[in-house]
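Quick note: the sequence shown uses UniProt numbering, first residue 1, plus one each step.
Beta carbons: idealized from backbone N, C-alpha and C, even for Gly.
As the structure is a computational prediction, the values presented were derived from the model and not from experiment.
What follows is a single structure, written as structure tokens, with notes after it.
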Amino acid sequence: MENLTEMLKGSLEGCVLEIISRHETYGYEITRRLNELGFTEVVEGTVYTILVRLEKKKLVNIEKKPSDMGPPRKFYSLNEAGRQELELFWEKWDFVSSKINVLKSI
């Protein structure tokens, strides 16, 4: 589906948190996973901007690990604050999506 950028703006951070919650990961891998899931308009720059924001909000733990190609990679994992933020995201998502589905069905 095309032109989802505007709709994704408010929910992409939650999607990134969800991917990080599954296992420790790095920026390119997050972008690749989002693309595999159909979010084909999401590019690395967008994901890295979100990762910086998550870091500033202290929602993730970061560990630098050597890379076979180039400089060390930053690996991200959720800390307790990140897990709480993710839980809140899904609560908000459930609320909004249920209201939209009601609206759609009337």
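Cα-Cα, which of the options is closest to residue i?
i: GLY38; options: GLY10, CYS15, SER97; result: CYS15
i: ILE20; options: LEU88, GLY82, SER105; result: GLY82
i: ARG73; options: TYR28, VAL102, VAL47, GLY10; result: TYR28
i: LEU8; options: LEU34, PRO71, HIS23; result: LEU34
i: PRO71; options: LEU17, LYS104, TYR26, GLU13; result: TYR26
i: LYS58; options: GLU80, VAL47, ASN101; result: GLU80
i: GLU24; options: SER11, LYS56, ILE62, TRP93; result: ILE62
From the DSSP output, in three-state form, read off residue i for me.
i: PRO75; result: The amino acid occupying residue 75 in the given sequence is Phe; Pro does not appear at that position. Strand at PHE75.
i: GLU63; result: strand
i: THR40; result: coil
Could you give the C-beta distance for residue i and residue j, rounded to a whole number, given that I count them as a contact under 8 Å?
i: VAL60; j: LEU78; result: 6 Å
So is residue i buried or exposed if we call it buried at 16+ other beta carbons inside 10 Å?
i: THR5; result: exposed
i: LEU103; result: exposed
i: GLU91; result: exposed
i: ILE106; result: exposed
i: GLU13; result: buried
i: LEU17; result: buried
Legend entry - Inter-stretch contact (C-beta, 8 Å, three-pair minimum) for the stretch 33-50 and the stretch 62-74: Between the stretch 33-50 and the stretch 62-74 there are fewer than three inter-stretch CB-CB distances shorter than 8 Å, so the stretches are not counted as touching.
Inset, instruction - Assess, as a yes-or-no matter, whether the stretch 52-61 is touched by the stretch 96-105 under the definition of 3 or more beta carbon pairs within less than 8 Å. - result: Too few Cβ pairs lie closer than 8 Å, so no.
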